[in-house]
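Number 1527 in the working numbering belongs to position 58 of the sequence shown; there are no gaps in the numbering. All residues carry an ideal CB built from backbone N, CA and C; glycine is no exception.
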Amino acid sequence: MPQKFYKKFKKLMEKYLDKIDDSVESFKNAIEYFNSMRTGEARTELAKSMNAEKEADELRRKMIYLLEEADISPELKEDFFHLIKRIEVIADYVK
């Protein structure tokens, strides 16, 4: 069971990090477009950022559910929960 858990959790974490990266990158692009007075493109990038963030939130929920159902030590679960929380804080801070 733990090996299956780790494999699935790793896959979800990689997707989660990719979505956060996409969200931050689109947000950065939107700011650059706004600074250049290119509001249409800025709005498009903001929409991309919001969509990527929604997808990241869904992946985060899946990881939390997976952790809640996993047959691993409570200490390890807590470490994973803290990791997810810290990544979320970093993503929010970057924005």
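DSSP places Ala1521 inside the alpha helix (DSSP H), whose first and last residues are 1508-1538. Lys1497 and Arg1507 have their C-alpha atoms roughly 14 Å apart. Judged by their CB atoms, Lys1554 and Leu1528 are not nearer to each other than the 8 Å cut-off. DSSP places Ser1495 in the helix class (H, G or I) of the three-state scheme.
The beta carbon of Leu1545 is closer than 6 Å to none in its chain, skipping five residues each way along the sequence. If you ignore the 5 residues before and after Ile1559, its C-beta comes within less than 7 Å of no other C-beta in its own chain.
Note that the segment 1507-1517 does not touch the segment 1472-1486; fewer than 3 beta-carbon pairs, one per stretch, sit closer than 8 Å.
Sequence-distant partners of Leu1481 (beyond 5 residues in either direction) whose C-beta falls short of 6 Å from its own C-beta, in its chain, are Leu1528, Lys1531, Met1532.
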